[in-house]
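Residue numbers (this note's numbering): -15 to 537.
#1: Using the Cβ count rule (16 or more neighbours within 10 Å means buried), how would you classify residue 311?
#2: Are the region 186 to 204 and the region 143 to 154 touching, with three or more C-beta to C-beta distances below 8 Å?
#3: Is residue 275 helix, strand or coil when you go by DSSP?
#4: Between the alpha carbons of residue 552 and residue 159, how many angstroms are there, rounded?
#5: Please state the DSSP three-state secondary structure of residue 536.
#6: Three or more C-beta pairs under 8 Å: does that hold for the region 336 to 344 against the region 283 to 292?
#7: Measuring straight from C-alpha to C-alpha, what distance separates residue 166 and residue 141?
#8: In chain order, what residues of the same chain have a beta carbon less than 8 Å from the beta carbon of residue 615, not counting five sequence neighbours either side?
#9: Report yes if the CB atom of residue 279 is closer than 8 Å to the CB atom of residue 228, and no otherwise.
#10: What are the boundary residues of the alpha helix (DSSP H) that includes residue 289?
#11: Just curious, the beta strand (DSSP E) that residue 306 is in, first and last residue?
#12: Quick one: what's got a C-beta closer than 6 Å to residue 238's C-beta in the same chain, skipping five residues either side?
#13: Ignoring anything shorter than 4 residues, give me the alpha helix (DSSP H) runs that lie fully in the region 357 to 413, in order along the chain.
#14: So residue 131 packs on residue 251, CB below 8 Å; how close in whole Å?
#15: In the region 122 to 147, which residue ranges form an unbroken beta strand (DSSP E) of at least 3 residues, counting only runs that do not cross its ends?
#16: Determine the closest residue to residue 316 out of 341, 124, 506, 264, with distance taken between C-alpha atoms.
#17: Beta-carbon within less than 7 Å of residue 488's beta-carbon, same chain only, minus the 5 sequence neighbours each way: which residues are those?
#18: Over the uninterrupted beta strand (DSSP E) stretch that includes residue 165, give me the two end residues.
#19: Should residue 380 and residue 307 be called a contact, given that it needs their Cβ atoms to be closer than 8 Å?
#20: With DSSP run on the structure shown, which of helix, strand or coil describes residue 345?
#21: DSSP beta-bridge partners for residue 321?
#22: Would you mind working out which of 417, 378, 351, 508 sits nearest residue 544, comparing C-alpha positions?
#23: Determine the direct distance from the alpha carbon of residue 198 to that of residue 16, and round the result to whole angstroms.
#24: Whose C-beta lies closer than 6 Å to the C-beta of residue 137 among residues of the same chain, with five residues either side of it excluded?
#25: Cutting at 8 Å between CB atoms, please list the residues of its own chain near residue 149, excluding the five before and the five after it.
#26: Which class does residue 530 belong to by DSSP, given the choice of helix, strand or coil?
#27: Where residue 374 and residue 399 are concerned, what is the direct C-alpha to C-alpha distance, given to the nearest angstrom?
#28: Answer yes or no: do residue 359 and residue 343 have a C-beta to C-beta separation smaller than 8 Å?
#29: From residue 216 to residue 257, what distance separates their C-alpha atoms?
#30: Looking at the structure shown, is residue 246 part of a helix, part of a strand, or coil, going by DSSP?
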């Protein structure tokens, strides 16, 4: 009987102590302490019971069995407690263990904290990047529109280009970066811009272009900005409700600010002329493509419709006018498309390209050109234009895919008798000769040296322009020399002019006389006619060039 009582009491004491340790011990040290206390309590209880047994004359042969029971009791654990203790052991060093030595990363962090010693240029941490871009009244007020010769024009204005130091710039001077990556202006311009106080590094005026860039450096460059004209056709609202805004986009107007376009974009025109702000574009249209364009008013609506796009629940229908007599029957083109150049914006059919599919159906033929209905089942860049070129019926006035730069067959059947580099060079040269680089969304400064045709660069600064720039720089030097080291009054006067002047002494564009394009030159015969979803459908009017009896002028 005493043996049974002995065993029962030992188990009871162990479980009570173990339960207490499970609820209160959070670290390995606490657990170990609790277990030690449990062993001590059990030993004490076992000793008391053993003494009681000895007093009753029941000792000797069962002592070895009691020891085995003690060992078994100490080895038992509350379910789950073993896993917790083991996990804690990995985080907290035990007795006699040393904390791990500092890692190279930790040492690096300490060195970073010591940055900014006397004589060092302190670089601030980068500002938090915004997840999205939203334009407000302060952006819309930068300049104004005016209309002339059927064109919407933007008055030249001053603008701050801002960027953080790119990884490849670290350890290089501003002089090197401007001379290798910002070739739209000669170095004389940037030297004059420094003297005029228009270059800032970490919000401090740059005094010397030889300054070496560091990681997180923040560069701000104030420039005199000119935007290309676009068509004067208004941006018409097709529908507006609490969820979406639907417009009929004119050709030649990009949706977002890009390249040289900022105010002459759909986003800015809607904000400035229709007070529609914070919109979320739901699909894309090329700058030269006109037609139905949808925007969501909230992020929730945007996500819902984008989910419909991913699930292939939306239908798009375009119309275009192509060269020649398009086949009367339905034509399905499934040729894969490869991007040749993202910067120039050129694609071509290639077996290595992405799979895509377009369904074509002729609507009319006037003896010279055909109006074709297009239903893209995928959404690749320039998909309709590239497929029509492959079929031998490029869009009548497509400035890229109906160009002689593609060779005698103009890309029909995917036959292009030149390399991609040769193709890009010839396309750029053709548009430089016509002064129509805007059709490629390019300016001279965007071109790599291999793409520049020196005989066609009408916008490059010539010798006379450089002399004028030097003269302007000397005038600024004189003003700066007469002022304090930080340009003082002269700099303030220049900065005051920055907000009002439409011409600038340092701006090469101000000295160029560019011929305005004709309004009809800004139109490409591709139009987004219909956009349909599970619970909506929006249709724009058929353009004049898509009428069956339309004739070329």
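From the three backbone atoms N, C-alpha and C, an ideal C-beta is built for every residue, glycine too.
If we stick to the structure as given:
#1: On the chain shown, residue 311 is found 327 positions in, with the first residue counted as 1. With fewer than 16 other Cβ atoms within 10 Å, it is exposed.
#2: Because the criterion of three Cβ pairs below 8 Å is met, the region 186 to 204 and the region 143 to 154 touch.
#3: Numbered from its first residue, the chain shown carries residue 275 at position 291. Residue 275: strand per DSSP, three-state reduction.
#4: A query on residue 552 cannot be resolved here, the shown segment of the chain reaching from -15 to 537 and no further.
#5: Walking along the chain shown from the start, residue 536 turns up at place 552. Residue state, collapsed to three classes: coil.
#6: Cβ pair count under 8 Å is below three, so no.
#7: For the purposes of this step, residue 166 is identified with residue 182 of the chain shown, where counting begins at 1. For the purposes of this step, residue 141 is identified with residue 157 of the chain shown, where counting begins at 1. Looking at the two C-alpha atoms, the distance is approximately 20 Å.
#8: Residue numbering for the chain in the displayed model covers -15 to 537; residue 615 lies beyond these limits and cannot be assessed.
#9: Position 295 of the chain shown holds residue 279. Position 244 of the chain shown holds residue 228. Yes, the Cβ-Cβ distance between residue 279 and residue 228 is below 8 Å.
#10: Position 305 of the chain shown holds residue 289. Element bounds for residue 289: 283 to 294.
#11: Along the chain shown, one-based indexing puts residue 306 at 322. Segment 299 to 307, the beta strand (DSSP E) holding residue 306.
#12: Locating residue 238 in the chain shown gives position 254, where the first residue counts as 1. Cβ-Cβ distances below 6 Å link residue 238 to 245, 249, 271 in the same chain, with the five nearest sequence neighbours on each side left out; the list follows chain order.
#13: With a minimum length of 4 residues, the continuous alpha helix (DSSP H) runs that stay inside the region 357 to 413 are 367 to 374.
#14: Along the chain shown, one-based indexing puts residue 131 at 147. Along the chain shown, one-based indexing puts residue 251 at 267. In fact, because the Cβ distance is near 19 Å, the residues do not count as touching under 8 Å.
#15: Within the region 122 to 147, the runs of beta strand (DSSP E) that reach at least 3 residues and sit entirely inside it are, in chain order, 129 to 132, 135 to 138.
#16: Along the chain shown, one-based indexing puts residue 316 at 332. Ranked by Cα distance from residue 316, the options 341, 124, 506, 264 are led by 341.
#17: Locating residue 488 in the chain shown gives position 504, counting from the first residue. Counting only Cβ-Cβ distances below 7 Å, and skipping sequence neighbours, we find 208, 494.
#18: The residue labelled residue 165 in the question sits at position 181 within the chain shown. Looking at the DSSP string, residue 165 is not in any beta strand (DSSP E); the run it does join, the alpha helix (DSSP H), is 158 to 165.
#19: For the purposes of this step, residue 380 is taken as the residue at position 396 of the chain shown. For the purposes of this step, residue 307 is taken as the residue at position 323 of the chain shown. Residue 380 is a Cβ neighbour of residue 307, given a cutoff of 8 Å.
#20: Position 361 of the chain shown, counting from 1, holds the residue named residue 345. Strand.
#21: The residue given as residue 321 occupies position 337 in the chain shown. BP columns for residue 321 point to 333, 338.
#22: Past the edges of the chain, shown from -15 to 537, lies residue 544, and the structure says nothing about it.
#23: For the purposes of this step, residue 16 is taken as residue 32 along the chain shown, with counting starting at 1. For the purposes of this step, residue 198 is taken as residue 214 along the chain shown, with counting starting at 1. With a pLDDT of 49 at residue 16, under the threshold of 50, the modelled position of that residue is not reliable, and the figure given next carries that caveat. Taking the straight line from one Cα to the other gives about 51 Å.
#24: On the chain shown, residue 137 is found 153 positions in, with the first residue counted as 1. So the qualifying residues of the chain are 130, 213.
#25: As a position in the chain shown, residue 149 is number 165, starting the count at 1. Take residue 149, set aside five residues on each side of it, and the residues of its chain with a beta-carbon closer than 8 Å to its own are 197, 198, 199, 200, 201, 202, 203, in chain order.
#26: Working through the chain shown from its first residue, we reach residue 530 at position 546. Residue 530 falls in the helix class under three-state DSSP.
#27: In the chain shown, residue 374 corresponds to position 390, counting from 1. In the chain shown, residue 399 corresponds to position 415, counting from 1. For residue 374 and residue 399, the gap between their C-alpha atoms comes out near 8 Å.
#28: Taking the first residue of the chain shown as 1, we reach residue 359 at position 375. Taking the first residue of the chain shown as 1, we reach residue 343 at position 359. Yes, Cβ-Cβ distance for residue 359 and residue 343 is below 8 Å.
#29: Along the chain shown, one-based indexing puts residue 216 at 232. Along the chain shown, one-based indexing puts residue 257 at 273. In this model, residue 216 and residue 257 are separated by some 13 Å (Cα to Cα).
#30: The sequence position of residue 246 within the chain shown is 262, counting from 1. In this structure, residue 246 counts as coil in the three-state DSSP scheme.
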